[in-house]
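Beneath this line is the structure, given in structure tokens, with notes to follow.
Numbering (my numbering), first residue to last: 1 to 359.
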């Protein structure tokens with residue numbers, strides 16, 4: 001058993017991120033009772049597959065809502081951070097299509113559910129954002145650029161935002177990537193382990209020496225194609241931004257690195273094309289510092305590798321979520337390998353060229 005300081009730190013991060021506990025589904029009838037009592041809402045509740053929350057679609061006579069119940073091991077302050085970030089955007093940038101939090105009948109942001117074992121879970125209700133998710137829309141370069149612009153606008157709006165819990169530790173935060181090397185060993189494939197080691201080396205050489213001086217603020221943290229709702233017939237294209245569950249204070253470049261990671265390898269012959277299209281749009285609204293730009297593709301590779309490692313690691317420990325987890329990350333190793341066939345200097349040159357074209 002590995003008990004080194006690095007292994008202990010990794011374990012703490014995984015625990016704080018709610019990744020070490022098994023999922024405990026909440027009783028649907030209990031959720032219905034709380035919705036009726038605190039929100040005066042009744043209707044049909046349908047459970048939705050998600051990573052760690054209990055999530056439902058509530059269909060009522062007056063419309064649909066999204067209902068989320070936090071995991072028992074997620075701190076109430078962290079849930080409050082997520083809600084506060086959404087409230088901040090609603091008040092300071094109301095034109096952005098960020099999902100809205102519905103107040104209880106008493107004017108509160110949420111309801112605390114106290115379990116029999118003394119732990120608490122937090123129930124929140126949001127407007128339901130209708131539409132297609134970006135992951136299923138097969139967006140072209142213009143659509144990806146518009147998605148990038150939206151994240152840029154969100155990061156600009158979040159710049160002044162502060163919250164007591166925004167320094168939370170999260171395994172998904174790319175700034176901790178180099179501290180999670182212990183996740184490589186359990187990966188069953190030798191080829192996958194070698195790919196991971198290449199990315200850890202790139203990150204250690206390029207990003208780690210710069211971690212202390214990167215531009216930081218509160219970021220969305222998970223602007224993935226699964227958290228962006230689109231309407232291909234709309235001029236705006238992006239019609240909804242959902243799921244602030246990974247909101248935290250981190251390096252700003254790690255925010256666009258997440259969607260870029262999700263887009264790597266989508267076009268096998270040009271594995272960075274879609275990621276660069278997203279980054280071009282992002283930089284139109286929030287230019288990345290010249291000195292930080294070379295770190296962006298390394299951060300994207302790190303995030304994709306991290307997802308592959310954590311997904312494999314969790315699938316072994318949470319069999320009830322195995323199918324959901326593996327489906328979300330089924331092509332990750334293929335896409336890491338594809339992305340590594342391209343010189344990162346070439347990728348950075350594309351990013352610089354796109355920024356100059358819109359400066």
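Using N, Cα and C, we set each Cβ at its ideal position, and we do this for glycine too.
ask   = From what residue to what residue does the beta strand (DSSP E) around residue 251 run?
value = Taken as a continuous stretch (DSSP letters only), the beta strand (DSSP E) holding residue 251 covers 248 to 251.
inquiry  = Under 8 Å: do the stretch 97 to 113 and the stretch 130 to 141 share three or more Cβ pairs, one atom per stretch?
reply    = Pairwise C-beta distances place the stretch 97 to 113 out of contact with the stretch 130 to 141, as fewer than three of them are shorter than 8 Å.
task = Count the other CB atoms, across all protein chains shown, that sit within 10 Å of the CB of residue 70; report buried if there are 16 or more and exposed otherwise.
result = Taking a 10 Å sphere around the C-beta of residue 70, we find 16 or more other C-beta atoms and assign the residue as buried.
task = Could you say which of 65, 39, 24 lies nearest to residue 52 if we only look at CA atoms?
result = When each option's Cα is compared against that of residue 52, the closest is 24.
key: The beta strand (DSSP E) enclosing residue 59, as first and last residue numbers   = Residue 59 -> beta strand (DSSP E) spans 54 to 60.
message = Using only the alpha-carbon positions, how far apart do residue 37 and residue 73 sit?
response = Their backbone Cα atoms lie some 24 Å apart in a straight line.
key: Residues near residue 1 by beta carbon distance below 8 Å, same chain, minus five either side   = Unreliable placement is indicated for residue 1, whose pLDDT of 43 sits below 50; no coordinate value is reported for it.
query = What did DSSP end up calling residue 36 once you bin it into helix, strand or coil?
reply = In the structure shown, residue 36 sits in a helix (DSSP, three-state: H, G or I).
inquiry  = For residue 95, count the other beta carbons within 10 Å of its own beta carbon; 16 or more makes it buried, fewer makes it exposed. Which is it?
reply    = Counting Cβ neighbours within 10 Å, residue 95 comes out exposed, since fewer than 16 surround it.
key: Sub-7 Å separation of residue 246 and residue 172 beta-carbons   = Cβ distance < 7 Å, so residue 246 and residue 172 count as in contact.
inquiry  = Using the Cβ count rule (16 or more neighbours within 10 Å means buried), how would you classify residue 125?
reply    = Flag for residue 125 reads buried.
query = Would the beta-carbon of residue 237 fall within 7 Å of that of residue 259?
reply = In terms of Cβ geometry, residue 237 and residue 259 do not form a close pair [threshold 7 Å].
request  = For my contact list, residue 82 and residue 242 are in at a C-beta cut-off of 8 Å; report their separation, rounded to the angstrom.
outcome  = So it is not a contact: roughly 11 Å between Cβ atoms.
ask   = Who are the near neighbours of residue 64 in its chain, counting only those whose CB is closer than 7 Å to its CB and skipping five residues on each side?
value = Closer than 7 Å at Cβ, skipping near neighbours: 57, 58, 128.
query = Comparing alpha-carbon positions, which option in 338, 315, 336 lies nearest residue 327?
reply = It is 315 whose Cα lies nearest to the Cα of residue 327.
task = From the DSSP output, in three-state form, read off residue 96 for me.
result = If DSSP states are grouped into helix, strand and coil, residue 96 belongs with coil.
request  = Going by DSSP, name the residue or residues bridged to residue 64.
outcome  = In DSSP, residue 64 forms a bridge with 59.
task = Use the C-beta contact count for residue 220: other C-beta atoms within 10 angstroms, 16 or more gives buried, fewer gives exposed.
result = Buried is the call here.
request  = Note the first and the last residue of the continuous beta strand (DSSP E) segment covering residue 124.
outcome  = Unbroken beta strand (DSSP E) run through residue 124: 120 to 127.
ask   = Among 284, 307, 275, which residue has its Cα nearest to the Cα of residue 296?
value = Nearest option by C-alpha distance: 275.
task = Please determine, among 116, 76, 349, 191, the residue with the shortest C-alpha to C-alpha distance to residue 164.
result = For residue 164, the nearest C-alpha among the options comes from 76.
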